[in-house]
Amino acid sequence: MKAVIICLLLPLALGFKFDIPTETMLRWEHLIEPFKLGCIQESGIDYDAGLNVLLRMQLPDDENGQCYLKCLAERVEIYDGKSHNFIKERVIEKLGTTEEMFEECFATFPHTEDCKIVHAAAQCIVSKLAVPIV
């Protein structure tokens, strides 16, 4: 019984799982590709996890993973670490979100740390874009 519970809870402990439209995933993958290696080194995320974050459709939930997402957001110029804010026009243009999604996911945050801010926004936007699994 304990083994069954562990197997059910393990995916939750490893990160936030998502399923977004393939076209969106490929656009985001193309956007971050030039910055993956630098952000892997900067954040300290596991190499394989960093390279395949979108392909596995799982956002890393640990500190290194959160900082990896922050690094990518800064490099693709949708997040300004100095002002601790997302740049609305760039988020809408580069990520393909709506103004409503921006206001819901990128405008206010329960956190003050950059890595956590970006991670919370990423979780929000992928949940908004998620494809229902039938």
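Positions -15 to -1, 1 to 119 (mature numbering (1 follows the signal peptide of the UniProt record, and there is no 0)) are the ones given, in order, by the sequence shown.
For glycine and all other residues, C-beta sits at the position ideal for the given N, C-alpha and C.
| Asked | Found |
| --- | --- |
| For the region 4 to 55, list the alpha helix (DSSP H) runs that are entirely contained and at least 4 residues long, ordered along the chain. | 7 to 17, 21 to 28 and 32 to 36 |
| If I follow the unbroken alpha helix (DSSP H) through I72, where does it start and stop? | Careful: I72 lies outside any alpha helix (DSSP H) and carries neither H nor E. |
| Based on Cα-Cα distance, which residue from I25, I5, R60 and K79 lies nearest to R41? | I5 |
| Quick test of your reading: C56 and C24, contact by CB under 8 Å. State the CB separation rounded to the nearest angstrom. | 4 Å |
| From the DSSP secondary-structure annotation, give me the bridge partner or partners of D65. | N70 |
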